[in-house]
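Numbering (UniProt numbering) for the sequence shown: 1 to 202.
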Amino acid sequence: MAIDLLRKAFSPPKPDWRIYLEINQKKKKLKTFESIDSFICKERRLFAQLSERLSENTMINIIFSQLLLSIKEKIPRESISSFQDLLQKPRDIELLIEENKEPRPKSSDKKKKHTSESCYKRIEDDRKGNPRIKETILNCNGCGLAGYYRSNCPNCNKKNPINSPEKLDFNAVHTTIFGRDVPIVDICINGLNGEAYFDAAA
Numbered sequence: 001m002a003i004d005l006l007r008k009a010f011s012p013p014k015p016d017w018r019i020y021l022e023i024n025q026k027k028k029k030l031k032t033f034e035s036i037d038s039f040i041c042k043e044r045r046l047f048a049q050l051s052e053r054l055s056e057n058t059m060i061n062i063i064f065s066q067l068l069l070s071i072k073e074k075i076p077r078e079s080i081s082s083f084q085d086l087l088q089k090p091r092d093i094e095l096l097i098e099e100n101k102e103p104r105p106k107s108s109d110k111k112k113k114h115t116s117e118s119c120y121k122r123i124e125d126d127r128k129g130n131p132r133i134k135e136t137i138l139n140c141n142g143c144g145l146a147g148y149y150r151s152n153c154p155n156c157n158k159k160n161p162i163n164s165p166e167k168l169d170f171n172a173v174h175t176t177i178f179g180r181d182v183p184i185v186d187i188c189i190n191g192l193n194g195e196a197y198f199d200a201a202a
């Protein structure tokens with residue numbers, strides 16, 4: 001009783017008609033990448049949610065009708081009498097189909113069974129020796145030197161060598177002094193003579 005109450009509170013049962021709708025919508029298609037084991041398990045999970053239990057033969061008929069045509073052509077319905085047969089026999093056929101799959105056609109070519117290795121455009125270019133991809137030649141937008149950007153161009157970023165140190169001189173300062181005289185001393189820095197003014201803060 002308690003389990004039924006919990007199921008109704010957190011997982012209310014679906015009506016049978018909705019479950020049958022989900023079963024019919026889950027037909028295994030060729031484009032869906034789903035194993036036969038996973039497909040049959042999902043179908044049996046839906047059958048278990050029905051209010052009235054179906055017979056095993058009825059469930060096998062419904063699941064068998066939804067298999068791929070390539071599988072149904074190789075397995076007669078009469079050869080399947082249990083879910084074990086329904087799992088094992090289609091599984092073997094599915095493995096054979098996977099092994100016999102041809103390479104996927106090239107997306108840019110509409111010819112049937114045309115792979116990238118047999119592309120006639122690629123073969124023709126290789127025969128003529130034409131490069132398929134044209135290389136872009138880089139040029140400096142400053143001097144036009146090929147193979148360089150302006151940021152790494154040796155011509156545009158060439159540094160001038162320093163032959164001799166530049167001579168430094170003191171700037172002339174003309175000031176009008178009111179009040180007391182400012183102390184001045186003669187100084188010599190690196191061979192350069194000049195005068196230094198002291199700020200007495202007075």
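Note that CB positions come from ideal geometry on N, CA and C, so glycine has one too.
Taking residue i as part of the beta strand (DSSP E), name the residues at either end of that continuous run.
i          : result
residue 61 : No beta strand (DSSP E) holds residue 61; the alpha helix (DSSP H) holding it covers 56 to 65.
Below 8 Å on the Cβ atoms is my guess for residue i versus residue j; work out the distance and round it to an integer in Å.
i           : j           : result
residue 142 : residue 150 : 5 Å
residue 19  : residue 49  : 5 Å
If you draw a straight line from the alpha carbon of residue i to that of residue j, how long is it in whole angstroms?
i           : j           : result
residue 34  : residue 63  : 15 Å
residue 96  : residue 86  : 16 Å
residue 91  : residue 2   : 40 Å
residue 78  : residue 71  : 14 Å
residue 80  : residue 42  : 19 Å
residue 100 : residue 73  : 16 Å
residue 163 : residue 181 : Unreliable placement is indicated for residue 163, whose pLDDT of 47 sits below 50; no coordinate value is reported for it.
residue 191 : residue 185 : 16 Å
residue 10  : residue 21  : 22 Å
residue 76  : residue 5   : 44 Å
residue 137 : residue 158 : 22 Å
residue 156 : residue 198 : 47 Å
residue 161 : residue 183 : For residue 161, the pLDDT reaches just 47, beneath the cut-off of 50, and the residue's location in the model is therefore unreliable, although a value from the coordinates is still provided. If you take the alpha carbons of residue 161 and residue 183, they lie about 42 Å apart.
residue 58  : residue 12  : 26 Å
residue 139 : residue 152 : 11 Å
residue 44  : residue 98  : 25 Å
residue 88  : residue 53  : 24 Å
residue 8   : residue 25  : 25 Å
residue 69  : residue 147 : 60 Å
residue 193 : residue 154 : 41 Å
Can you tell me where the alpha helix (DSSP H) with residue i in it begins and where it stops?
i           : result
residue 192 : Note, residue 192: premise wrong, no alpha helix (DSSP H); beta strand (DSSP E) at 192 to 197.
residue 189 : Careful: residue 189 lies outside any alpha helix (DSSP H), inside the beta strand (DSSP E) at 184 to 189.
residue 84  : 83 to 99
residue 41  : 36 to 48
residue 72  : 69 to 72
residue 16  : 16 to 25
So, residue i versus residue j, is the Cβ gap smaller than 8 Å?
i           : j           : result
residue 60  : residue 46  : no
residue 187 : residue 195 : yes
residue 83  : residue 124 : no
residue 38  : residue 16  : no
residue 94  : residue 40  : no
Does residue i get closer than 8 Å to chain D when you measure Cβ to Cβ?
i          : result
residue 25 : In the structure shown, chain D cannot be found, because there is only a single protein chain.
In the DSSP assignment, what are the bridge partners of residue i?
i           : result
residue 9   : Note: residue 9 sits in no beta bridge, so no partner.
residue 146 : 139
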